[in-house]
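Visitor: With the numbering used here applied, the sequence shown has no gaps in its numbers, which climb one by one up to 735 at the end. Yeah, the Cβ is synthetic: ideal placement off N, Cα and C, and Gly gets one too.
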Amino acid sequence: MKRALCVVLHDVANATLGQCERAIDAIHEVAPVPLTLLAVPRYHCEPSSQAFGWWLRERFWAGDEIALHGYTHLDDGTPRNFVDRIKRRHYTRGEGEFCDLPLPEAMRRLTAGVHWFHRQRLPLRGFVAPAWLLSEGTWEALRWIELSYTCTLRQLVLLPERRAVTSQSLVYSTATAWRRQASRGWNAAVAATLRSNPLLRLELHPHDVEHADIRRSWQGLLERHLADRHALTLSSVADQFRAETDWDSLGSGMDLEAADRRVALEAHPGSRH
Numbered sequence: 463m464k465r466a467l468c469v470v471l472h473d474v475a476n477a478t479l480g481q482c483e484r485a486i487d488a489i490h491e492v493a494p495v496p497l498t499l500l501a502v503p504r505y506h507c508e509p510s511s512q513a514f515g516w517w518l519r520e521r522f523w524a525g526d527e528i529a530l531h532g533y534t535h536l537d538d539g540t541p542r543n544f545v546d547r548i549k550r551r552h553y554t555r556g557e558g559e560f561c562d563l564p565l566p567e568a569m570r571r572l573t574a575g576v577h578w579f580h581r582q583r584l585p586l587r588g589f590v591a592p593a594w595l596l597s598e599g600t601w602e603a604l605r606w607i608e609l610s611y612t613c614t615l616r617q618l619v620l621l622p623e624r625r626a627v628t629s630q631s632l633v634y635s636t637a638t639a640w641r642r643q644a645s646r647g648w649n650a651a652v653a654a655t656l657r658s659n660p661l662l663r664l665e666l667h668p669h670d671v672e673h674a675d676i677r678r679s680w681q682g683l684l685e686r687h688l689a690d691r692h693a694l695t696l697s698s699v700a701d702q703f704r705a706e707t708d709w710d711s712l713g714s715g716m717d718l719e720a721a722d723r724r725v726a727l728e729a730h731p732g733s734r735h
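1) Could you give the first and the last residue of the continuous alpha helix (DSSP H) run that contains A650?
2) Use the C-beta contact count for D487: other C-beta atoms within 10 angstroms, 16 or more gives buried, fewer gives exposed.
3) Whose C-beta lies closer than 6 angstroms to the C-beta of S645 among residues of the same chain, with five residues either side of it excluded?
4) So, for L584: in the same chain, excluding its five sequence neighbours on each side, which residues have a beta-carbon less than 7 angstroms away from its beta-carbon?
5) Please state if the CB of T600 and the CB of A650 are separated by a distance shorter than 8 angstroms.
6) Let's see if you can read the secondary structure: which residues bound the alpha helix (DSSP H) around Q481?
7) Can you tell me whether V470 is buried or exposed? The criterion is at least 16 other CB atoms within 10 Å of its CB, across all chains shown.
8) Answer yes if the segment 530 to 537 comes into contact with the segment 496 to 507, meaning at least three C-beta pairs across the two stretches below 8 angstroms, and no otherwise.
9) Quick check: the Cα distance between D690 and P564, rounded to an integer number of angstroms?
10) Quick one, are the C-beta atoms of T695 and T498 less than 8 angstroms apart?
11) Between the C-alpha atoms of L467 and E602, what's the straight-line distance to the nearest angstrom?
12) Exposed or buried, P511, counting other C-beta atoms within 10 Å across all chains shown (16 or more means buried)?
13) Indicate the three-state DSSP secondary structure (helix, strand or coil) for G525 in the structure shown.
14) Using only the alpha-carbon positions, how far apart do Q630 and G525 sit?
15) Considering only their Cβ atoms, is the gap separating T612 from F579 smaller than 8 angstroms?
16) Buried or exposed: which applies to P622, given that a residue is buried once 16 or more other Cβ atoms fall within 10 Å of its Cβ?
17) Please classify F589: does DSSP put it in a helix, a strand, or coil?
18) What do you get for A654, buried or exposed, if any count of 16 or more other CB atoms within 10 angstroms of its CB means buried?
19) Per DSSP, Q617 forms a beta bridge with which residues?
20) Going by C-alpha to C-alpha distance, which of W640, E665 and R678 sits closest to V492?
21) For V469, list the residues DSSP reports as bridge partners.
22) Going straight from the alpha carbon of W516 to that of D670, what length do you get?
23) P566 lies in the alpha helix (DSSP H); which residues open and close that run?
24) Of all the options R570, H673, H490 and P660, which has the alpha carbon lying nearest to the alpha carbon of A639?
25) Alpha carbon to alpha carbon, what distance is there between F514 and V627?
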């Protein structure tokens, strides 16, 4: 298959809809590519409006994929130590919703998200956790939800077989001028190292459209890589890799089978199989 490019827009919600529309317009200035929109049913605990549901359905009818991106996009747990606090309160700005959830709570939120998609009359193929952080309880819960894929920062993971395709995300940091400058250089370097990789993921956030230097950077990356890549949604890539990839030569990437065994051992300490 031709090498793929996925353009993914995070944090799609009522509160960010204006920025999302501007980001989509900026993407389409380069090319009318199909997008994967990561929707949050109750962003920061606020309910979604009927108009938001209509907007998502219009995007789906136009050729975009709508995927589940957490349920509230808020980490409401308690950090365990100083390092955990730095990760969960500063690195993720308190939005790593699924980073530390036990199995029952992860299942509850995923199920609520599935039901929300059903009410919106939208098909659901994928789940991407806020900040790409998934607890072992979340990995276990995903075994029981009928989905095609999930993602980490560095991989697309097929479900339920849990095979992983290595693909480092291109993602920007816009909080300060020095972070914007650093992320432009970093993403250009990462994109260069992934030139021969079968999948390239350009992962945008609504605020990435607000800074002209960042917008020009990702528009340039998109234009350059569309020259030799086919733009697809994440679910389309998952389907093609599942059907066509030589998994024995590719390998599994992260050791998901070992993580699965750890979850089983914690749930049933007497078992060693």
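Guide: To lay it out plainly:
1) Indexing the sequence shown from 1 puts residue 650 at position 188. Residues A639 to T655.
2) The count along the sequence shown starts at 1 and reaches residue 487 at position 25. By the 10 Å Cβ count, D487 comes out exposed.
3) Here residue 645 corresponds to residue number 183 of the sequence shown, with the count starting at 1. Counting only Cβ-Cβ distances below 6 angstroms, and skipping sequence neighbours, we find Y634 and S635.
4) Translated into positions along the sequence shown, residue 584 becomes position 122. These residues qualify, in order along the chain: L518, R519, F522 and I528.
5) The count along the sequence shown starts at 1 and reaches residue 650 at position 188. The count along the sequence shown starts at 1 and reaches residue 600 at position 138. Contact: no.
6) Position 19 of the sequence shown, counted from the first residue, corresponds to residue 481. In the DSSP annotation of this structure, the continuous segment of the alpha helix (DSSP H) that includes Q481 starts and ends at L479 to V492.
7) What you label residue 470 is simply residue 8 of the sequence shown in a count that begins at 1. Buried: at least 16 other Cβ atoms inside 10 Å.
8) With the cut-off at 8 angstroms, the segment 496 to 507 and the segment 530 to 537 touch.
9) As a first step, residue 690 is located in the sequence shown; it is residue number 228 there, counting from the start. As a first step, residue 564 is located in the sequence shown; it is residue number 102 there, counting from the start. So the two alpha carbons sit approximately 42 angstroms from each other.
10) Here the question's residue 695 lines up with position 233 in the sequence shown. Here the question's residue 498 lines up with position 36 in the sequence shown. Cβ distance < 8 angstroms, so T695 and T498 count as in contact.
11) Taking the first residue of the sequence shown as position 1, residue 467 is located at position 5. Taking the first residue of the sequence shown as position 1, residue 602 is located at position 140. Straight-line measurement puts the Cα of E602 at about 29 angstroms from the Cα of L467.
12) For this step, residue 511 is matched to residue 49 along the sequence shown. Per the sequence shown, residue 511 should be read as Ser rather than Pro. Its Cβ having fewer than 16 others within 10 Å, S511 is exposed.
13) The sequence position of residue 525 within the sequence shown is 63, counting from 1. Coil, per DSSP.
14) Start at 1 with the first residue of the sequence shown, and residue 630 comes out as number 168. Start at 1 with the first residue of the sequence shown, and residue 525 comes out as number 63. Answer to the nearest angstrom: the Cα atoms are 25 angstroms apart.
15) The residue you call residue 579 lines up with position 117 of the sequence shown. The residue you call residue 612 lines up with position 150 of the sequence shown. No, the pair does not count as a contact, with Cβ atoms beyond the cut-off.
16) The count along the sequence shown starts at 1 and reaches residue 622 at position 160. P622 sits exposed, since fewer than 16 C-beta atoms from the chains shown fall within 10 Å of its C-beta.
17) Position 127 of the sequence shown, counted from the start, is the residue given in the question as residue 589. Three-state DSSP puts F589 in a strand.
18) Here residue 654 refers to the residue found at position 192 of the sequence shown. Flag for A654 reads exposed.
19) Mapped onto the sequence shown, residue 617 falls at position 155. For Q617, the beta-bridge partners assigned by DSSP are T628.
20) Here residue 492 is taken as the residue at index 30 of the sequence shown, counted from 1. Comparing Cα-Cα distances from V492 to each of W640, E665 and R678, the minimum goes to R678.
21) Numbered from 1 along the sequence shown, position 7 holds the residue referred to as residue 469. For V469, which the question treats as bridged, DSSP gives the partners L497 and L664.
22) Residue 516 sits at position 54 when you count from the first residue of the sequence shown. Residue 670 sits at position 208 when you count from the first residue of the sequence shown. The alpha-carbon atoms of W516 and D670 are separated by roughly 24 angstroms.
23) The count along the sequence shown starts at 1 and reaches residue 566 at position 104. Where P566 is concerned, the enclosing alpha helix (DSSP H) starts and stops at L565 to R581.
24) As a first step, residue 639 is located in the sequence shown; it is residue number 177 there, counting from the start. Cα-wise, what sits closest to A639 is H673.
25) As a position in the sequence shown, residue 627 is number 165, starting the count at 1. As a position in the sequence shown, residue 514 is number 52, starting the count at 1. One C-alpha to the other measures close to 32 angstroms.
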